[in-house]
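Working notes, beginning with the structure itself.
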């Protein structure tokens, strides 16, 4: 076996020398870079050719920027002949897909990132906005601002409509939808006529506006009606959330009074005939069985809630007898003595429409506030009330459904309250529409068709929901409808055969509906029985007056739809014409080679033209439209230099396209570019400047490399001195000293000259700022900086400078000794002057000294070489009258301005500094006595003259009383020892000295925070600043100044008289927002503000009239001594009430 041949050694790589540039342009397959000719082809600016200028902007053939094919150009037709020519023969046994074409001529892939700086690629400028016709049409019509499409508000055929929420009127909208579905009630409203003496004011009455509202809900062509006039006629406050049940009672009372004024006898008793039932409140003596009873009417049955309780169980519980025994015995009129008895309520007559009011809101006696109960209630779709009539439930009758079925009711509506709080939330309603025979959910403007309430059968979908009306924002587009009667955010859910409770009076299985938000249930007597509620599907005809209003609304809606359709058609025609023009331009504007006639503009300009028809006029740049010529002028400033030509530094933003395409833009689109360039318009001045800067980048590293080779020198050899900072910066790759188009500063530039040469012309003593270089390096740098001269190492140090250095050292030593001496003499002033503690100065003669002097003096002690303060000037504390402009007895006057020192220290200061005048202060009899006195006028003027100052916010504790002007005046009148101290002192004693009496009696009022304010700061700005600093919400802040609460947030602190370094009190009022049902027994820190309810509205009632009275029940028919007093709020309720009408507390009927 022959021996192996040894591997040939690889040649040693030499690499690039310093400053040499890798000529990538000469490598095969690489682009010719825009500036790669600098230092290779051109070394002097006079050699720059037009071709080099074109290369800087990418317009040269050498740049090798590909002419990317137009991706949006129309493709040639694929005819059979063309296909036959393109078909290539393949070898036997090979598949056509197996052929791999290998080519060295494969071009660069075109994409948005790679071609962004390619001036020949015009593919990614927004053309996709026009390619999709649907999206382009939407954007074009939106830009033309046609307005809201009224056809989207059109009502779907035979579907209910929604009601506009005017702020917080959802409670009214919910009941209006319920009442509208009651056809007899709606018919009665339509039949109301004004009395002859009030004919002119009938249009402003609520009954007329209710007619109009019902007529619109019946005949309107829009999907949403705005009940503004009805709300205004009732004088409801649209921004306040009200109780839906209370609104229902009061509005029914108002309507009943209006119906009684009608001549038609059927209308006089419409409310009673439709909604009013009768109940009996009875007591039976257990001994003689004597029965005493009192009959009353009701519009709704109020039921308390228990968790997962069925409606029948709660109704039976409310009708269950109550045993009167022991201390609660009944005084029998026949026995004439106290006897055991049974007290109960019986339902005697039921109305056609039966309302169950679920006491969802309970009154907490601990917090004296209402809370929302989270208990779920189960209720059936069909309810047999025969078992509850005439004491059936009292007698313990547990029979099944009555065979007679006289009082069989069907569920027709569920009123829901969303939200956890009794004070906030949202009302919705779910109603069965008799005309369409379907359930609908009404959420103000949104009306959604629901599926059946019956439990789903196996193999079937649970719900079939379909949105039928949406708000304008939704634009009637199909969205996911809420799951009706399903488990969605405490919504109604269906329970199949719930397990009955033990000892329940009704334990038969039935399909029930469960809800944690149900607030009221509406049942209607089923058809086909006696006294049936004939709620037919035929709609009554609205009165002519209301009908005319609705017809006018419909005519206006039809007109708006016609006008919008016409505008939309005209805009559609413009869109088609504009889209055709834009697409024709950008499909034919690409260049195929550099010799074609072309124009140059910025990429941003082409993008602006591409999108100018798709953006709103107000969003366009202000310089796009010329008001005189009405032509579109798009600026190309993104590629313009300071000389008004094409800037090579902005070449990445340049695009060139066919001149014929530009001519078409001008002719058909009335659009021009300003300024408009062609390829030769590259700025020669900018090219030369760029050349000079890049030549520096080539030459400078080479010169640094040459300097490094010859700069080193031995310690004893002859050398020259040079500035060390200059040399370090100049040797870096990117010297900070270098300015574009300017020569580098020489080493003896004024910024660096003192590093080598002192002011006397000699060698500076500072050795750290200079460095030695060889004579060869010196000559090299002299070639670059001919005017530079420096000192050699043979020169001695400057004698004058050396003497000054020696003297400086001696001065520093003397200053240090002096500082230590002064510190020792003024030890107490040094340690305590700036601490704020005056505990050691009580009953000791003192003097006022400016704070700036103390601070400057302490700084000098730390650095004796620095300048020493020259004097102690206290004249700044005196006004023109020779009196004090600050008061030592007022907290804040001395803060940051003056401090107290002992008179002994003042005497020492007078020997060391120029001092005066003396301001003597001494603490005696609980106050600071001072000479001279205070000039109050000048003090206020000085304290008010500030641009910015610190304001101390004193945060009061929860147990602290709210400040008042009286307490503030009392605090000022107290001696200093009784006031809270401005500064909090520690409990640590100083040496063996006892704490002063004044310190021991200090009791700080909460914590403090200093904020920076100005006279223009408003109270609102201050509260926002407090919220940011202390995290106390503005709504919980109560600010006090001099004992007065600041309630006007628009007032400025300057107008309030707030002085420099003043103090304010802050009390936080935290509202206990208990998520209802949390079970917390803690009392809230504050009482919630008193609610106005419907006071001040047309439905408002006086305290003498009970809102729980039915409309047909008058005060003279009630016994005067039969009222029930609420134990919580002491409100007198009507006889037979189960709960207080004001606070809904359960009533004890045994005291009646």
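Residue numbers (the numbering used here): 167 to 1318. In this text, a Cβ means the ideal position worked out from N, Cα and C, and glycines have one as well. This structure is a prediction, so every number in the text was calculated from the model and none was measured.
(request) Tell me residue 856's beta-bridge partners as DSSP assigns them. (result) In the chain shown, the residue the question calls residue 856 occupies position 690. DSSP lists no beta-bridge partner residue for residue 856.
(request) For residue 454, count neighbouring C-beta atoms within 10 Å of its own C-beta (all shown protein chains included) and say buried if the count is 16 or more, exposed if not. (result) As a position in the chain shown, residue 454 is number 288, starting the count at 1. Counting every other CB atom within 10 Å of its CB across the protein chains shown gives residue 454 a total below 16, marking it as exposed.
(message) Measuring alpha carbon to alpha carbon, tell me which residue in 1219, 1129, 1215, 426 is nearest residue 1179.
(response) Locating residue 1179 in the chain shown gives position 1013, counting from the first residue. Minimum Cα-Cα distance from residue 1179 among the listed residues 1219, 1129, 1215, 426 corresponds to 1219.
(message) Quick check on this structure: which residue in 1026, 520, 236, 1128 has the alpha carbon closest to the alpha carbon of residue 750?
(response) On the chain shown, position 584 is the one that residue 750 refers to. Of all alpha-carbon atoms in 1026, 520, 236, 1128, the one lying nearest the alpha-carbon of residue 750 is that of 236.
(request) Starting from the Cα of residue 1102, find the closest Cα among 1059, 1195, 211 and give me that residue. (result) Residue mapping note: residue 1102 aligns to position 936 of the chain shown, counting from 1. Closest option to residue 1102, Cα to Cα, is 1059.
(request) For residue 971, name the three-state secondary structure that DSSP assigns. (result) Here residue 971 is taken as the residue at index 805 of the chain shown, counted from 1. The answer is helix: DSSP assigns residue 971 an H, G or I state.
(request) List the residues that DSSP assigns as beta-bridge partners of residue 605. (result) As a first step, residue 605 must be located in the chain shown, where it is residue number 439. Paired residue(s): 598.
(message) Is any non-hydrogen atom of the ligand SAH found closer than 8 angstroms to the C-beta of residue 911, if you look at the structure I gave you?
(response) The ligand SAH is absent from the structure shown, which contains no ligands of any kind.
(request) Going by CA-CA distance only, name the one from 999, 684, 598 that's closest to residue 690. (result) As a first step, residue 690 is located in the chain shown; it is residue number 524 there, counting from the start. Comparing Cα-Cα distances from residue 690 to each of 999, 684, 598, the minimum goes to 598.
(request) Indicate the three-state DSSP secondary structure (helix, strand or coil) for residue 532 in the structure shown. (result) As a first step, residue 532 is located in the chain shown; it is residue number 366 there, counting from the start. In the structure shown, residue 532 adopts coil according to DSSP, grouped into three states.
(message) Assess contact between the segment 1196 to 1212 and the segment 1225 to 1234, defined as three or more Cβ pairs (one per stretch) separated by less than 8 angstroms. Is contact present?
(response) Contact between the segment 1196 to 1212 and the segment 1225 to 1234 is present, with at least three C-beta pairs closer than 8 angstroms.
(request) Could you round the C-beta distance between residue 496 and residue 485 to whole angstroms and report it? I think they count as a contact, below 8 angstroms. (result) Taking the chain shown and counting its residues from 1, the one referred to as residue 496 is at position 330. Taking the chain shown and counting its residues from 1, the one referred to as residue 485 is at position 319. Taking C-beta atoms under 8 angstroms as the contact rule, residue 496 and residue 485 fail to qualify, at a distance of about 19 angstroms.
(request) Determine the extent of the beta strand (DSSP E) in which residue 222 is found, giving its start and end residues. (result) Locating residue 222 in the chain shown gives position 56, counting from the first residue. Looking at the DSSP string, residue 222 is not in any beta strand (DSSP E); the run it does join, the alpha helix (DSSP H), is 216 to 222.
(message) My output table needs one value for residue 1064: the three-state DSSP class, helix, strand or coil.
(response) As a working mapping, residue 1064 is identified with position 898 in the chain shown. Three-state result, residue 1064: strand.
(message) Quick check on residue 238: does DSSP put it in helix, strand or coil?
(response) Working through the chain shown from its first residue, we reach residue 238 at position 72. Three-state DSSP puts residue 238 in coil, outside helix and strand.
(message) Could you give the first and the last residue of the continuous alpha helix (DSSP H) run that contains residue 496?
(response) Locating residue 496 in the chain shown gives position 330, counting from the first residue. It is not in any alpha helix (DSSP H) - residue 496 instead sits in the beta strand (DSSP E) that spans 496 to 498.
(request) List the whole-angstrom C-beta distance separating residue 769 from residue 819, where the pair is believed to meet the contact cut-off of C-beta under 8 angstroms. (result) As a position in the chain shown, residue 769 is number 603, starting the count at 1. As a position in the chain shown, residue 819 is number 653, starting the count at 1. Your pair residue 769 and residue 819 checks out as a contact, with CB atoms roughly 5 angstroms apart and the cut at 8 angstroms.
(message) For a cutoff of 9 angstroms on Cβ pairs, would you count residue 1214 as touching chain B?
(response) Protein chains in the displayed structure number just one, and chain B is not present.
(request) Please classify residue 1198: does DSSP put it in a helix, a strand, or coil? (result) For this step, residue 1198 is matched to residue 1032 along the chain shown. When DSSP states are grouped into helix, strand and coil, residue 1198 belongs to the coil group.
(message) I need the DSSP call for residue 1096, collapsed to helix, strand or coil.
(response) Translated into positions along the chain shown, residue 1096 becomes position 930. When DSSP states are grouped into helix, strand and coil, residue 1096 belongs to the strand group.
(request) Throw me the rounded Cβ distance for the residue 392 and residue 610 pair, which I believe falls under 8 angstroms. (result) The residue you call residue 392 lines up with position 226 of the chain shown. The residue you call residue 610 lines up with position 444 of the chain shown. Between residue 392 and residue 610, the beta carbon gap of about 11 angstroms keeps them out of contact (Cβ cut-off 8 angstroms).
(message) Restricting to Cα atoms, I'd like to know which of 1049, 1010, 1080, 976 is closest to residue 1019.
(response) The residue you call residue 1019 lines up with position 853 of the chain shown. Minimum Cα distance to residue 1019 is reached at 1080.
(request) List the whole-angstrom C-beta distance separating residue 582 from residue 596, where the pair is believed to meet the contact cut-off of C-beta under 8 angstroms. (result) Position 416 of the chain shown holds residue 582. Position 430 of the chain shown holds residue 596. Contact holds; Cβ gap of about 7 angstroms.
(request) May I have the straight-line CA-CA distance separating residue 564 from residue 482, to the nearest angstrom? (result) Locating residue 564 in the chain shown gives position 398, where the first residue counts as 1. Locating residue 482 in the chain shown gives position 316, where the first residue counts as 1. Per-residue confidence for residue 564 stands at a pLDDT of 42, beneath the threshold of 50, marking its modelled position as unreliable; no derived number is given.
(request) For residue 1062, count neighbouring Cβ atoms within 10 angstroms of its own Cβ and tell me buried if that reaches 16, exposed if not. (result) Along the chain shown, read from residue 1 onward, the residue named residue 1062 stands at position 896. Note on residue 1062: under 16 other CB atoms within 10 angstroms of its CB, so exposed under the neighbour-count rule.
(request) List the residues that DSSP assigns as beta-bridge partners of residue 1357. (result) Any property of residue 1357 remains undetermined from this structure, which presents the chain solely from 167 to 1318.
(message) By the three-class DSSP mapping on this structure, what secondary structure does residue 590 have?
(response) Along the chain shown, read from residue 1 onward, the residue named residue 590 stands at position 424. DSSP places residue 590 in coil when its eight states are reduced to three.
(message) If I measure Cβ to Cβ from residue 1221 and keep anything under 6 angstroms in the same chain, skipping five residues before and after, which residues do I get?
(response) Counting from one through the chain shown, the residue named residue 1221 turns up at place 1055. Within its own chain, no residue has a Cβ closer than 6 angstroms to the Cβ of residue 1221 once the five positions on either side in sequence are excluded.
(message) With a threshold of 8 angstroms on Cβ separation, who are the neighbours of residue 779 within its own chain once the five nearest residues in sequence on each side are excluded?
(response) Position 613 of the chain shown, counted from the first residue, corresponds to residue 779. Closer than 8 angstroms at the Cβ level, and outside the excluded window around residue 779, lie 306, 309, 744, 748.
(request) Starting from residue 368, trace the beta strand (DSSP E) both ways and give me its first and last residue. (result) Working through the chain shown from its first residue, we reach residue 368 at position 202. Careful: residue 368 lies outside any beta strand (DSSP E) and carries neither H nor E.
(request) Inspect the beta-carbon positions of residue 1210 and residue 1127 and report whether they are closer than 9 angstroms. (result) Within the chain shown, the letter at position 1044 stands for residue 1210. Within the chain shown, the letter at position 961 stands for residue 1127. By the CB criterion at 9 angstroms, residue 1210 and residue 1127 fall outside the cutoff.
(message) Taking the straight line between their C-alpha atoms, what separation do you get for residue 460 and residue 363?
(response) Here residue 460 corresponds to residue number 294 of the chain shown, with the count starting at 1. Here residue 363 corresponds to residue number 197 of the chain shown, with the count starting at 1. So the alpha carbons of these two residues sit roughly 40 angstroms apart.
(request) For the segment 808 to 826 and the segment 844 to 852, state whether three or more C-beta atom pairs, one from each stretch, are separated by less than 8 angstroms. (result) By the criterion of at least three beta-carbon pairs nearer than 8 angstroms, the segment 808 to 826 is in contact with the segment 844 to 852.
(message) Taking 8 angstroms as the cut-off, does the segment 535 to 543 touch the segment 466 to 481 (at least 3 CB pairs, one atom from each stretch)?
(response) They touch, by the three-pair rule.
(request) Check residue 525 in the structure and name its three-state DSSP category. (result) The residue given as residue 525 occupies position 359 in the chain shown. DSSP places residue 525 in coil when its eight states are reduced to three.
(message) Measuring straight from C-alpha to C-alpha, what distance separates residue 206 and residue 213?
(response) Position 40 of the chain shown, counted from the start, is the residue given in the question as residue 206. Position 47 of the chain shown, counted from the start, is the residue given in the question as residue 213. So the two alpha carbons sit approximately 11 angstroms from each other.
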